[in-house]
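S.K.:
Residue numbers (this note's numbering): 7 to 1087.
1. Buried or exposed for residue 509, going by 16 or more other Cβ atoms inside 10 Å?
2. Please look up how many angstroms separate the CB atoms of residue 351 and residue 310, rounded, as I've assumed it's under 8 Å.
3. I think residue 307 touches residue 119, with their Cβ atoms under 8 Å apart; what is that distance to the nearest whole Å?
4. Going by beta-carbon coordinates alone, are residue 889 and residue 1045 separated by less than 9 Å?
5. Rounded to a whole number of angstroms, what is the C-alpha to C-alpha distance between residue 845 and residue 752?
6. How would you call residue 719, buried or exposed, if buried means at least 16 neighbouring beta carbons within 10 angstroms?
7. For residue 322, count neighbouring C-beta atoms within 10 Å of its own C-beta (all shown protein chains included) and say buried if the count is 16 or more, exposed if not.
8. Would you say the region 203 to 211 touches the region 238 to 245, given that touching needs at least three Cβ pairs under 8 Å?
9. If we ignore side chains and look at the alpha-carbon of each, how far apart do residue 577 and residue 51 end up?
10. Shortest alpha-carbon distance to residue 463 belongs to which of 408, 437 and 523?
11. With distances taken between CB atoms, is the gap from residue 335 to residue 68 smaller than 9 Å?
12. Does DSSP classify residue 203 as helix, strand or coil?
13. Just to check my reading of the structure: residue 829 and residue 965 have Cβ atoms closer than 8 Å, yes? What is that Cβ distance to the nearest angstrom?
14. Just mark residue 653 as buried or exposed, buried being the case when its beta carbon has 16 or more other beta carbons within 10 Å.
15. Using alpha carbons as the reference points, say which of 1015, 1041, 1048 and 1033 lies closest to residue 473.
16. When the distance is taken between beta carbons, is residue 891 closer than 9 Å to residue 586?
17. Does residue 445 come out as helix, strand or coil in the three-state DSSP assignment?
18. For my contact list, residue 305 and residue 372 are in at a C-beta cut-off of 8 Å; report their separation, rounded to the angstrom.
19. Between which residues of its own chain and residue 442 is the CB-CB distance below 6 Å, once the five residues before and five after are set aside?
20. What residue from 444, 396 and 427 has the CA that sits closest to residue 389's CA?
21. Quick check: the Cα distance between residue 426 and residue 123, rounded to an integer number of angstroms?
22. If you check the beta carbons only, do residue 191 and residue 78 fall under 9 Å apart?
23. Could you spell out the range, first to last residue, of the alpha helix (DSSP H) harbouring residue 700?
24. Opposite residue 231 in the DSSP bridges: which residues?
25. Since residue 37 is in the beta strand (DSSP E), which residue starts that stretch and which ends it?
26. Can you tell me the Cβ-Cβ gap for residue 1019 and residue 519, rounded? I've got them flagged as a contact below 8 Å.
27. So residue 194 is in the beta strand (DSSP E); what residue range does that whole segment cover?
28. Expressed to the nearest angstrom, what Euclidean distance is found between the alpha-carbon atoms of residue 1059 and residue 705?
29. Let me check understanding here. Comparing Cα to Cα, which of 36, 273 and 870 lies closest to residue 147?
30. According to DSSP, what are the bridge partners of residue 124?
31. Counting Cβ pairs, one atom from each stretch, are 3 or more of them under 8 Å apart for the region 127 to 141 and the region 109 to 118?
32. Suppose the cutoff is 6 Å on Cβ atoms and the five residues either side in sequence are ignored; what does the same chain contact list for residue 562 look like?
33. Use the C-beta contact count for residue 102: other C-beta atoms within 10 angstroms, 16 or more gives buried, fewer gives exposed.
34. Which word fits residue 687, buried or exposed, when buried means at least 16 other C-beta atoms lie within 10 angstroms of its C-beta?
35. Give the secondary structure of residue 400 by DSSP, where H, G and I count as helix, E and B as strand, and everything else as coil.
36. According to the Cβ coordinates, are residue 271 and residue 85 closer than 9 Å?
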C-alpha cells in the first residue's frame, strides 16, 4: 500500500467527519451577525418629519415620553397560566393556576389601566438569551458573532444603553446574570447569586429588602427587579409542588404592595422571560416553555378600549420598541419587534381619529427603524433571503408613500379613519414580515439536518472501526475503493446541487459537503458488504475494559454534572486504565513472578524470559504521581461556586511580593531547562544528537535559544510595569519581539527538519574488506529492491559494529556505522514536539510551564508503560498494530492535559490574553491571527498529542534496542559469557515489511479517529436529545463546540504527524540509495 494512499484515505475519512459535524451544526447552532450600530436622538431612523413626536420638548427624543419612570418586575419562568384568572370563579384544577390574584383584581376593577398578554418567547428559552431579547428587541441565538468574544456583555444596542445615553438612572436588583450582560450600566445595583437552583429565597428576599425603600426615593428613572424563586422552585420541585404555590403567593403579595406605591407618571411592567414544562425545565420550544405572562399597569388610564376576553399574544421583542417610545427613547438599532398598538392613543375613546393617528405615527417610526436595520444587516451579512428582503422593501416603500399622502391630507383635514387603518395594516404587515424572515433564519432548529449529521457521524465511526480491522489484508483493494467512493461523492454532490438549483433553493456548502460525503460513504460501505460479512467481534475496540471505558465515557456526556466534573473524572479514568495495564501484566505472569531481571524493556516474546515487574511498578508509581501533580493546575467551572481555581494559573505579574515572584520565576526557568535537557538527553542516548546535520545543530543550539527567549519574555512581561520610564519603549518592544523571535526559531527548526529529516551520523572504515553486499548491481531498480536491502544493510552495520566493540576490529575493520538509524522516526517526532512546545508555552501563563514539564514526563512514562504491557513482535516481520488500549490511554491523556493546563469547555474560560502574546497593541481589524493564537492556546493538548500519536507505534521498537547483550548471574555471583542474540533492528524492523508499516500507520490513524469521533458523536447525541434541557446552552452546546473544534485540530495534527513519519521514511529510502551507490564506487 502506498504511503500517499494512506494519507488520502485518512483525509477522506476526516472529510466525512467534518461534513457530519457541519451538517449537524447548521441545524443545531442558531447563529446571526451582531451589529454594533446604535440609535441616537440626533439621527432619525428615516426621512420625513415627526408628526406625533416631541423633539424639542423636555425629555423628548424621537417622540414625547408618555411616562417619566417605569418599574420592570421580571419573574423568572412566570408561565402564563400562573397568572391567567380561572374563569367563572371556580376552583382551579391545579394549585398553581391563576395564583396572582392581585392582577386579576386590577383587570376587573380598572380595565383601562391594566392589561394582561400572552408573552411569546422565541427559542432558545434560556434566561440569558431571553434577557438579550427583552433589552435589544432582536432574536439572540447561541452564537452571536459580535466584536467582543471574551464576555457575555451585550454590545448590541439595547434599552439599558439608550437610558444611559439619555442621562436616565437605572437601578437593578436580583439575578447576577445582569452584571455580566450590562457591566457598569446601573447607577445602583444589588446582585445576588443565581446558579444554585435549590435556593428558593435568597434572591427574592434580597430584592424585597431593597425594593420598597428604592420605590420611595426619586433617584431612579427605571427600576428593574429580577426574581428567581419561581424558576428555582420549578427546577427543584416542578410546578405541581406546594412550594410553587407559596412562591407564587409571595409574588402576588409583592405586586399588591408595589401597585400601592406607584406614582401617576410611572408604568408598571410585570413579565416572565419564559415559561416551564410540567417538570419545571425550560430551554426548548414547547408551548409551556415559550408562553410567559406580560402584565402592564398604570395609575392613570392607559388603554382606549376594554380588553378582549382572550388575552392577546405578544412576542417578547414587541416590548422593546413599545417601552422605548413610551419613555421617550430611541428604539434600539437592531430591534425587529412591533409596537403594541393599544398603548399609543390620542385622547381616549372620545377621539378615535386622534388615537388612530398616534398609532399610525408610532407604527411608521417603528417601520423606519426596522427598515434601516434590515438594510444595514443585509450589507454586513448574506443569510437573509434576497427575494424576501426585496419584497419587504417594496412593501415599506408603498407604506411610506401612503404615509406621506396621509401627512398631506392632514393639512386639509381630509383624513379618513379607514385610510389610517389601512396604513396601519400595511405597516403591521411589513413589521411582521420582517420579524418572520429573521425568525426563520435565526431562531429555528432544523431537525432533519441534525438527524442527517448524526447519521453521517455514526456511519463514519462505523467505517473507521470496520476498516481498521480489514487493513491487515494485503489484497484489500483500497485504491479502487477510494477512487470509487470519491467518484460517487462527486456525483452525489453534483446531483444534489442540480436538484437544489432546480427547486430554487440556495446552495449551502455544508449541505453539499454532507450530500457528497453520504454518497461516498454509502458507496464504500456497499463495496465492503459485497466482499462478505466479517465477524464484528473481530473489530470490537479492544478488550472488555476498553469497551466499558468507551461506553461509560460516552454515556456520561449526557450528564451536565459529569461534563462540569470532567477535569476530575479524566485523571481518575487514566489512573484506572494504568492500573489495569499493570494488573494485566500480573494476570499474564510478568509482574510479581520471580525471574532474572533484565536491564531493558523488551517484548514478552524475547528469547530470554523476563519479568518486567520492578520497571512496570516504578513506571506506574511515577505516572500516578504525575497525574496527581498535574491536577494542581485546574480551573473550576463557574457553575461550581464552591470550587476554588488554582492560584498558579495567574500570571506572575499578579504575584505580590518580590521574593515570591522570584522564586516562582526560578521554578519556571528550571522547568524550561529540564525540558530542553530532557529532549537533548533522549536524542543523545538514542544516537540522534551526533550528526552534523542542520536539524541536529538546531536542537543543540536553537532549543536553548528558544528557552532563553521564552524566559526573557516572561521576565519582561511580568515586570514591565516596574521598568524605568526611559526603558519603557525598549521593554515594550522586547515584549512584542521576543515571542515572534521564538516562533520564528520554531519555524526555522521545522523547516530544517523537513529539509534533512534523517538525523543519522555515518562513519566509514578505511580500506574495509567488508563492503555492503546487495543482491543486485547498481542502484535499486525498484522500491521492492530497496525495501529488501535496507534491513540487510542495517544488520550488516550492527554486526560490524558489534565485532569492533568485541575487540576483533583488527581483523574485521569497520565498514560502516550509522548512529541513530534505529530511532530515526521517533527522533523526528520528538524534535517536532519540542519545537511546538515552546511557542505553545508562550501562549500560556508562566507557571503553566511546570504543568507542561509534568505532562511531558507523564507522556514518557505512559509510553514506557504501554511498551512494557503491550510489547512488540521482536522476530516477526509483521503485521504491526497499536492496540486499542494504548490509543484509548493516549486520547484520555490528551483530555486530561486539556484540563491540567487551565482550560474548561466553556467560553468564559478561554484564555483570551493569548491573542495579545507578541501583539500587545492588538491586531487591527483582522480576526484571523488572534483566532489562531487563542485556538493554539486552547487546543495545545490536542495538537501535541495528535502530532505525537505515531510514537504509540514507534516507541516499542525504540525500547527494543535499549539492550543488545544480556548477562546471566550465577548463584555464586560470578558472571559467565554473554548470551548473544540477534541485534535488535529497532525502527528498521518496520522497513522489513513496508506493507505492514503502511498498514500500521493507517490502522493507527483510523483507531485514533474512531476514539475522537465517538466522543464527538456522544456530544452530538447529548445536544440533540437534551436540546430542551436547562443546561443545553450553558453546558452541552459549548461541550459539543469544543469537542468538534478539538476534533478538527486533532485530525489535522494527526495527519501532519503521520505525514512526518512518511516523509522521514522517504528520506531514509533516499539515504540508503545514496549509501549503496557510494559503496559501489
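No residue lacks a Cβ here, since even glycine has one placed at the ideal position from N, Cα and C.
M.R.: With the structure as the only source:
1. exposed
2. 4 Å
3. 6 Å
4. no
5. 7 Å
6. buried
7. buried
8. yes
9. 57 Å
10. 523
11. yes
12. coil
13. Contact doesn't hold; Cβ gap of about 10 Å is too wide.
14. exposed
15. 1015
16. yes
17. helix
18. Actually they do not touch by this definition, with Cβ atoms about 26 Å apart.
19. none
20. 444
21. 25 Å
22. no
23. 700 to 703
24. 79 and 179
25. 37 to 39
26. Contact doesn't hold; Cβ gap of about 17 Å is too wide.
27. 194 to 198
28. 22 Å
29. 36
30. 299 and 319
31. no
32. 568
33. buried
34. exposed
35. helix
36. no
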